[in-house]
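Peer 1: For the sequence shown, position 21 matches number 1310 in my numbering, and the numbering has no gaps at all.
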Amino acid sequence: MPVATDEAKQQDKVHTTINKIIDLGFLRKLDDQEQNYEIHRIIKGFVNAEVIDDTLRRLQQHAEDKQITE
């Protein structure tokens, strides 16, 4: 049972963070059936390509780990 609780808390944190990033103007939710987002160009002024690449790799790893556990 604790795993589900931790996972629910983690998902809530992810959704909260995404909403904050949307509020800051860095992301825009796409009008599709999936949970897809567009990264605005302004983010390039705040982080470099290495940071974006590292974050993308970590998100992909998280998605793969989640698929394995389901």
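Note that the Cβ used here is the ideal one computed from N, Cα and C, for glycine as well. The structure presented is a predicted model; accordingly, all values stated were derived computationally and were not measured.
Which first and last residues belong to the beta strand (DSSP E) in which LEU1316 is found?
Peer 2: Residue 1316 sits at position 27 when you count from the first residue of the sequence shown. Per DSSP, LEU1316 belongs to the beta strand (DSSP E) from 1316 to 1318.
Peer 1: With DSSP as the reference, please indicate the residues paired to ILE1341 in a beta bridge.
Peer 2: For the purposes of this step, residue 1341 is identified with residue 52 of the sequence shown, where counting begins at 1. Paired residues: none, contrary to the question.
Peer 1: Beta-carbon of PHE1335 versus every beta-carbon of chain E: anything under 9 Å?
Peer 2: Within the model displayed, chain E is absent; a lone protein chain is all it includes.
Peer 1: Identify which residue in THR1306, LYS1298, GLU1327, GLU1323 has its Cα closest to the Cα of LEU1316.
Peer 2: By one-based count along the sequence shown, residue 1316 stands at place 27. Residue GLU1327 is the option with its Cα nearest to LEU1316.
Peer 1: Within its chain, find whatever has a CB closer than 8 Å to the CB of ARG1319; leave out the 5 residues flanking it on each side and keep chain order.
Peer 2: Within the sequence shown, the letter at position 30 stands for residue 1319. The sequence as given places Leu at residue 1319; Arg does not occur at that position. Same-chain partners within the cutoff: ASN1325, TYR1326, GLU1327.
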